[in-house]
Amino acid sequence: MVEVRDITFAYNQNGNNIIEDINFAIEKNQCIAILGNNGAGKSTLLKCMDRICPAQKGTVYVDGQNVYTMSKNTMAQNIAYVLQNNESINMTVFDTILLGRKPYIKWDATSEDRHIAWSIMKKMQLEDFALRNVWQLSGGELQKVMLARALAQEPKLLLLDEPTSNLDPRNQHEVLQQVKEIAQEHDICVAIIIHDLNLAIRYCERFLLLQDAQVFAYGGLEVMTPENIEEVYRIHVHIIEHMGIPVVVPFPDEKVNVSGER
Amino acid sequence: MTDKSMIPIESYSAFINRKKLVLAISVVATAVIGLFAVSAGSLEIPASEIIKTLLGKGDPQTHTIIMNIRLPRVTAAILVGAILAVAGAVMQCVLQNPLASASTLGVSQGAAFGAALGIIVFGGGVVNSDSAATAVTINNPYIVTLCAFLCASISTLVIILLSQFKKDLGPAGLILAGVALGSLFGGGSTLLQYFADETKISAVVFWTFGNLGAADWPELLILTVVFFAALIYFLLNRWNFNAMESGADTAKSLGVNTRAVMLISMGISSLAAAVAVSFVGIISFVGLIAPHIMRRFVGNDYRFLIPCSAVIGALLLILADTFARLIIAPVILPIGAITSFLGAPMFLYLLFRGFKYHG
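Structure, rendered in structure tokens:
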């Protein structure tokens, strides 16, 4: 279980808070979607959870252990993070995934490390690319490799910053399905920043809506109401049901005022 | 039927073995060319005689030539080439900039300014016309070396302090700071030479040409210790460097203390390069080009790139020095000019063949 408590972050001491007093919890096997406008502080929140941007206030607990007092290696064994924009590196796919074992490596990668990296690569159906250089991959393949590297860390909490932004619709569903399966198989908590509300509804159990650096709403499907979405995204939406699945349909032409009244 | 999952694991082992083979071939090539460099010169010494001498069984004249002149020179080429190449590879990684090297970060220029200071202000150099090969000698090499080292360290220190206290200064900012420092020290050297007499200007110019013959066994011992200390630290951090290739945020998420690794690696690589150039003068391009040559063969995998860069750096400098000694013998051409002269076209060739740093 992951608990985020009172996380507050500002880039400068006297500057505005990018995120403020963020509190929420993620249960095991649960995928949560972090939603909000551009600039709402979604990426900063993930970076604070992984101490890439250390929060000025608050902390994160993973299975009762304080992430902010762990050694960096222990933290990397608990939390994995996949960036929004990944640098294309001059390294093979397998070596890149093996890098996910870095927090466990003492002097050199063991055969167990190689075995773990290999089985994750197979699970992500990347074995045909094993010896291909990462910079030769398409955007979608690169995203899968980075996800595989994060899974090789065997984390308890997986943080994904827009993992589907470069993928075609088929790959979007495939990647999110794999994330969900792996989360359930290995008891991982997952937090995903995602802009596609329909993908979020389909693959996530809980939804954290951020607005103006603060939590606007957090909960199950019940928080994904047209009113809340309109308040956060400033766009008029309808939620219809198709084959039992709620579908968010935006109507940008209909004007919305701040309180959501039309 | 063979288990299909085993085939790629085996192909990965073959892939890794190819990288080991690249390293082994480079070591053998360096050993062969090193042996040729010791044997070639005004007096040709056959390889069998060299081996006899190394075993303490050669004749006294050959022994003197090998042990006092040729072997120290080749050893200096190996150590200085390896230090500059390893320092370049690590600087390029931690600063995430393919142009990083001791010369682009102001370390070499700092050393040149220090040498000029030692020769002109502290009276470390005189002209000596008794030999065609060494028209100028440095009469107090320790003062010159010390000044060169201290000024090269100032460049290092400024770069480290900048990255420590100006935390938003990225890798590109540090390179620009290095260019500014290089310019500052270059201007300082010009001013010192403007006010110096001809003898001292000759000594300064001679020093900046680079001279691998300047290092004797005690200096070589220092270079050996510096090289192995740096190499061990870098090898211990090879997985950290691999992680840093994916960018600072990913490296942090993989448990790397990126700031500490960057600061310590920059400190060690700059100081090691400072020691090397203080002893033998300015050697350009080896630190920049050696890692790029090996990236073509072993990629950006620092498990192999660090040792391979060291070996290819040594190989390049032996080749350049042997060329400098033999091409219009008995005149020895300045090694710094030869490395730049041969290094620049080689670098351009690599660029035209397709530059692969980040793909």
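From first to last, the protein sequence lines are chains R and C.
FYI, this note's numbering numbers position 75 of the first sequence as 1488, with every residue one higher than the one before it.
FYI, this note's numbering numbers position 152 of the second sequence as 376, with every residue one higher than the one before it.
All residues carry an ideal CB built from backbone N, CA and C; glycine is no exception.
These numbers were taken from a predicted model, which means no experiment stands behind them.
Straight-line Cα distance separating residue j from residue i
| i | j | result |
| --- | --- | --- |
| Ile-307/C | Lys-1441/R | 50 Å |
| Glu-1416/R | Ala-1626/R | 18 Å |
| Val-1475/R | Ile-1439/R | 10 Å |
| Leu-303/C | Val-368/C | 20 Å |
| Asn-1611/R | Leu-1550/R | 27 Å |
| Leu-566/C | Leu-572/C | 10 Å |
| Val-428/C | Arg-297/C | 21 Å |
| Gly-471/C | Thr-288/C | 52 Å |
| Ala-271/C | Leu-381/C | 45 Å |
| His-1528/R | Leu-1511/R | 9 Å |
| Leu-655/C | Leu-267/C | Shown here, chain C extends from 225 to 583; a query on residue 655/C therefore has no answer. |
| Tyr-1517/R | Lys-476/C | 14 Å |
| Met-315/C | Thr-1509/R | 21 Å |
| Asp-421/C | Gly-505/C | 21 Å |
| Lys-390/C | Ile-530/C | 29 Å |
| Phe-1422/R | Val-1473/R | 13 Å |
| Asn-1486/R | Ser-325/C | 30 Å |
| Ile-1445/R | Gly-1513/R | 23 Å |
| Gln-320/C | Leu-1555/R | 20 Å |
| Ser-568/C | Ala-301/C | Per the sequence shown, the amino acid found at residue 568/C is Ala instead of Ser. If you take the alpha carbons of Ala-568/C and Ala-301/C, they lie about 19 Å apart. |
| Ile-249/C | Ile-275/C | 21 Å |
| Phe-430/C | Thr-563/C | 16 Å |
| Phe-509/C | Leu-455/C | 20 Å |
| Phe-528/C | Thr-423/C | 46 Å |
| Phe-346/C | Phe-419/C | 14 Å |
| Lys-244/C | Gln-1469/R | 47 Å |
| Asn-1579/R | Tyr-1631/R | 27 Å |
Proximity to residue i [Cα-Cα], best of the options
| i | options | result |
| --- | --- | --- |
| Met-1637/R | Phe-1437/R, Arg-1619/R, Ile-1533/R, Leu-1550/R | Arg-1619/R |
| Glu-1433/R | Arg-1647/R, Lys-1519/R, Asp-1419/R | Asp-1419/R |
| Ala-1543/R | Glu-234/C, Val-256/C, Lys-424/C | Glu-234/C |
| Asn-1451/R | Met-1414/R, Asp-1508/R, His-1608/R | His-1608/R |
| Phe-242/C | Phe-373/C, Leu-278/C, Arg-520/C, Leu-478/C | The question names Phe, but residue 242/C is Arg in the sequence shown. The shortest Cα separation from Arg-242/C among Phe-373/C, Leu-278/C, Arg-520/C, Leu-478/C belongs to Arg-520/C. |
| Ile-1502/R | Val-1650/R, Gly-1552/R, Met-1483/R | Gly-1552/R |
| Ser-1524/R | Tyr-236/C, Phe-452/C, Val-485/C | Tyr-236/C |
| Ala-1453/R | Ile-1465/R, Ile-1431/R, Asn-1436/R | Ile-1431/R |
| Val-252/C | Val-535/C, Gly-397/C, Phe-576/C | Val-535/C |
| Leu-574/C | Leu-541/C, Pro-322/C, Arg-549/C | Pro-322/C |
| Glu-443/C | Ser-407/C, Glu-273/C, Leu-370/C, Ser-377/C | Leu-370/C |
| Ile-1601/R | Thr-1457/R, Gln-1469/R, Gln-1566/R, Arg-1647/R | Gln-1566/R |
8 Å contact criterion, which residue i and residue j should meet: CB distance rounded
| i | j | result |
| --- | --- | --- |
| Leu-1539/R | Val-1506/R | 6 Å |
| Val-331/C | Ser-494/C | 5 Å |
| Asp-525/C | Met-1504/R | 6 Å |
| Phe-409/C | Gly-334/C | 5 Å |
| Leu-1564/R | Ile-1533/R | 5 Å |
| Val-310/C | Gly-537/C | 7 Å |
| Val-1661/R | Val-1645/R | The Cβ separation is near 12 Å, so there is no contact. |
| Ile-507/C | Gly-560/C | 6 Å |
| Leu-1448/R | Ala-1613/R | 6 Å |
Residue i burial status per 10 Å Cβ neighbour count (16 or more: buried)
| i | result |
| --- | --- |
| Gly-280/C | exposed |
| Pro-515/C | buried |
| Glu-1598/R | exposed |
| Glu-1635/R | exposed |
| Thr-254/C | buried |
| Trp-441/C | exposed |
| Asn-1429/R | exposed |
| Ser-387/C | buried |
| Met-518/C | buried |
| Asp-545/C | buried |
| Asn-466/C | buried |
| Met-1537/R | buried |
| Asn-1641/R | buried |
| Ile-1658/R | exposed |
| Met-468/C | buried |
| Gln-1490/R | buried |
| Arg-549/C | buried |
| Val-450/C | buried |
Check: residue i C-beta below 6 Å from any heavy atom of the ligand GTP
| i | result |
| --- | --- |
| Ile-1529/R | Of ligands this structure carries none, so the ligand GTP is not represented either. |
Segment contact flag, the stretch 490-504 of chain C with the stretch 1589-1599 of chain R, C-beta cutoff 8 Å, min 3 pairs: no
Stretch pair the stretch 462-477 of chain C + the stretch 401-421 of chain C: three plus CB contacts closer than 8 Å: no
Three-pair Cβ contact test at 8 Å for the stretch 390-409 of chain C versus the stretch 328-342 of chain C: yes
Cβ pair count under 8 Å reaching 3, the stretch 251-265 of chain C against the stretch 1559-1573 of chain R: no
Any 3 or more C-beta pairs closer than 8 Å across the stretch 1484-1500 of chain R and the stretch 1553-1563 of chain R: yes
Contact between the stretch 293-303 of chain C and the stretch 425-437 of chain C (3+ Cβ pairs under 8 Å): yes
Segment contact, 8 Å Cβ cut-off, at least three pairs: the stretch 333-341 of chain C with the stretch 540-558 of chain C: no
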